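Asker: In this text, residue positions in the sequence shown follow the working numbering: the first is 128, and each later residue adds one.
Where is the CB? At the ideal position from N, CA and C, for every residue including glycine.
None of these values were measured; they are calculated from a predicted model.
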Amino acid sequence: MRYYQIVEDMLTYFKNDVARINHALNVYSFSKIISEKESITKKKSQVIYIAAILHDIGIKKAEEKYSSSAGEYQEQEGPPVAREILDQYDFSDNILDRVCFLIGNHHSYDKIDGIDFQILVEADFLVNIFDENMSSQQIESIKDNIFKTETGEFLLREMYLT
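(1) Grouping DSSP H, G and I as helix and E and B as strand, with all else coil, what is residue 129?
(2) Let me know if residue 179 comes out buried or exposed under the rule of 16 or more other beta-carbons within 10 Å of its beta-carbon.
(3) Mind checking which residues open and close the alpha helix (DSSP H) that includes residue 266?
(4) DSSP state of residue 233, grouped into three classes?
(5) How big is the Cα-Cα spacing for residue 288 and residue 253?
(6) Is the separation between the beta-carbon of residue 150 and that of residue 243 shorter than 9 Å?
(7) Is there a C-beta anywhere in chain C that falls below 9 Å from the one on residue 277?
(8) Pick from 137, 197 and 158: whose alpha carbon is nearest that of residue 210?
(9) For residue 158, count the other beta carbons within 10 Å of its own beta carbon; 16 or more makes it buried, fewer makes it exposed. Which is it?
(10) Count the other C-beta atoms from every protein chain shown that fall within 10 angstroms of the C-beta of residue 172, then say buried if there are 16 or more, exposed otherwise.
(11) Tell me the start and end of each unbroken alpha helix (DSSP H) in the stretch 161-213 that is at least 4 residues and wholly inside, in chain order.
(12) What is the DSSP secondary structure of residue 217, counted as helix, strand or coil?
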């Protein structure tokens, strides 16, 4: 799979919204690092990478409909937009359904049900911690309650806690 094609679709969708584009690219980068280091299967990695690129794709519709980029609205609006983008590719229904599930739940941490979901959430937090200038106390809480992969924990410690 040539992920740059999906990146190009995301770029076109977000147009000049550099902050959102950078966020997606950074989450994608961290998801690749964690996936490769954790030796994730090719199929699961494919789901993770696609979901990482498109995880916040619902923000535009959420802001248009609700004047808010709140996580619940992103989760609601993201899967239909992602499916529209991904329908041009030859993905199995299983891949599409899982990617849309991850996009539609990536702020619902109690729904984490697999390593693909875990890695997406960890990659998103690694970027959000910086973007939102979170406190040491917030970061410690995220480490204790969210992070599970060895690689994600290493990145979190080295970037924010040491």
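Answerer: Result, derived from the coordinates:
(1) coil
(2) buried
(3) 263-272
(4) coil
(5) 12 Å
(6) no
(7) Although the question refers to chain C, the structure presented lacks it and comprises just one protein chain.
(8) 137
(9) buried
(10) buried
(11) 169-181, 186-193 and 198-213
(12) coil
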